[in-house]
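Which chain is which? The protein sequence lines are A and B, in order.
No gaps in the numbering here: position 47 of the first sequence is 43 in this note's numbering, and each next residue is one more.
No gaps in the numbering here: position 237 of the second sequence is 233 in this note's numbering, and each next residue is one more.
By construction, the Cβ of each residue, glycine as well, lies at the ideal position given by its N, Cα and C atoms.
Bear in mind that the values here come from a model prediction, so they are computed numbers and not experimental data.
The structure appears below as structure tokens.
Number of protein chains: 2
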Amino acid sequence: MGLDIIRHKVADPGAIIARGFAQYASLNEQENSYLAAQLVNVQRYPARSELIPANSESAAALFLLSGWACRARSLADGRRQIIEFLLPGDIVGFSPTKGRRALAAAYALTPVTVSLASNFYQAFDDTGPFEHFTAVRRALEKNQEMRLINQIVRAGRQTAYERLSHLLLEFHDRLARVGLARDYTFAMPLTQEILADGLGLSVVHVNRTLQQLRREQLLTLTDGIVTLLEPATLARIADFQPAD
Amino acid sequence: MGLDIIRHKVADPGAIIARGFAQYASLNEQENSYLAAQLVNVQRYPARSELIPANSESAAALFLLSGWACRARSLADGRRQIIEFLLPGDIVGFSPTKGRRALAAAYALTPVTVSLASNFYQAFDDTGPFEHFTAVRRALEKNQEMRLINQIVRAGRQTAYERLSHLLLEFHDRLARVGLARDYTFAMPLTQEILADGLGLSVVHVNRTLQQLRREQLLTLTDGIVTLLEPATLARIADFQPAD
DNA sequence: CGATGGATTGAAAGGGCTCAAAAAGGGTGG
DNA sequence: CCACCCTTTTTGAGCCCTTTCAATCCATCG
């Protein structure tokens, strides 16, 4: 198998969703089969495609089976800010739970495969028939809020060096939870321009900051594969605390 | 009355909560009286006090009747980032809805009066007995997420000049909704240091940026009273779009 | 009246940006 | 397998927005 796991070549693409859910509640048989049934409608989108338009309303959920996506907002003059990154196992446009109205557009950053689960959010309501989904929904909401808060702190008060370290630690933490990291190595299929839009930096500065981290032997990044060589040092630099 | 409204001297302090709720759903009599009953336990806290510790769990809601608060996170070396500002009418620590665990500490920025509503969140659940509260909860969650997103875009991609304009427009928008602005004039009881922590800037630069905005006749700010003289121009500068 | 917190100003340094161009990859068609 | 094109990464240089460090000013208050 080798790098297969890291490169996200998994036999059953739906397994990643189940693995994600299982972190927060152990589902019963009924719930597991409902979940599996929701994942059958698989679709592919190319990089850069808009998965969910801003201000759109929908009761459907998009489970991200493979590939990376983001929610982003652009200013009138073209500056773009990525609000949050969405990784395999995440739900794209999870926010529709609230008012069912996307507050920012979601885009594919790489080619992605998603499962379109229409009306899934109904099952997620407290009033839904599945007792354990509420716990999962709350956990996902909490994770999302934590991501937004981290993004604010990074952009508001950290240097480029700290920001980049922090974001990479976050990626590792999130991927490791769904089994997409081996030790401290994981795939990060993002261009430096995308990183820049996520960090609130210029591409050039992302490049130079990455080089600094490499020069200091804190990490390697080649061919889209990141290895955090000194995770403890990076965590200290970035003031990083993993979600519980 | 004059400036009384702006200075937040209102006869019935609980009215501001009802006004806030009424924006999102028209409550029935039962709901209104439940809400009123929740507001009787009024408490005062001085500026700088910690209203909700980070990582604390609670099913109680704090209705902010008067004064301003924030959620904030500090880095190990003392740098502080305000995640979001909480204005009169807001619910402090609203996030406990999710997992009932505060992700960031909440602090009073001025002396505040709050109503402590224990177990209020139960009434907010979809399973609660009050049919209109779900709509309100969703609207509040949406507003909060929008605030976090705005904070990210400001800090990540806007200049100091744009950031400050944007934040002041947001304050106006939010205060106007609960009747705490007259035209484009409102009270903003924040020091420049607090603004700096909210904007991800240094105090000195906030000061200079404010002076620039004043010099250009875009606003006035004296004695904690802001007047946006050219709201349309400010909105264009800041790429501001009010919540629907 | 000294003490204190906040606003303001000046000067200098620096982190990060812009502009520009060169390398390095990665496909694609011939 | 090479030529060509387009994207991405890397470098260099200069600039500027923002920060830091220090004072000073100002109002409030015990």
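Measure the beta-carbon distance from residue i to residue j and round it to whole angstroms, keeping in mind my assumption that it falls under 8 Å.
i, j, result
"B:T205", "B:L160", "5 Å"
"A:L112", "A:I87", "Contact flag wrong, Cβ pair sits at about 11 Å."
"A:G74", "B:G152", "Not really, about 14 Å apart at Cβ, beyond 8 Å."
"A:Q242", "A:L224", "Nothing in the structure corresponds to residue 242 of chain A, since chain A is present only between -3 and 240."
"A:Q19", "A:R173", "6 Å"
"B:P84", "B:I12", "6 Å"
"A:V38", "A:T109", "6 Å"
"B:H201", "B:A156", "6 Å"
"B:R76", "B:A68", "6 Å"
"B:F81", "B:G194", "6 Å"
Is the beta carbon of residue j closer than 7 Å to that of residue i?
i, j, result
"B:F126", "B:E27", "yes"
"A:I48", "B:I145", "no"
"B:G63", "B:T106", "yes"
"A:E137", "A:R97", "no"
"B:A183", "B:G220", "yes"
"B:Q41", "B:A104", "In the sequence as presented, Gln is not what sits at residue 41 of chain B; that position holds Tyr. Yes."
"A:A131", "A:A21", "yes"
"B:A239", "B:M142", "yes"
"A:L35", "A:H128", "no"
How would you write the range of the alpha helix (DSSP H) that residue i sits in, first residue to last?
i, result
"A:L71", "First-last for A:L71: undefined, no H or E at that position."
"A:R232", "227 to 234"
Which residues mark the beginning and the end of the beta strand (DSSP E) in which residue i is found?
i, result
"A:S91", "Segment: none, A:S91 is in no beta strand (DSSP E) and carries neither H nor E."
"B:E212", "Per DSSP, B:E212 belongs to no beta strand (DSSP E) and is neither H nor E."
"B:R76", "76 to 82"
"A:A104", "101 to 104"
>> Tell me whether the region 30 to 39 of chain B and the region 179 to 193 of chain B touch, counting them as touching only if at least three CB pairs, one residue from each stretch, are closer than 8 Å.
In response: no
> Would you call the region 109 to 128 of chain B and the region 232 to 239 of chain B touching, i.e. three or more CB-CB distances under 8 Å?
Replying inline: no
> Hey, which unbroken runs of the alpha helix (DSSP H) at 4 residues or more fall wholly within the region 114 to 202 of chain A?
Replying inline: 116 to 120, 129 to 153, 156 to 173, 188 to 195
> Going along the chain, which unbroken runs of the beta strand (DSSP E) with 3 or more residues stay wholly within the region 19 to 69 of chain A?
Replying inline: 38 to 41, 46 to 48, 57 to 62
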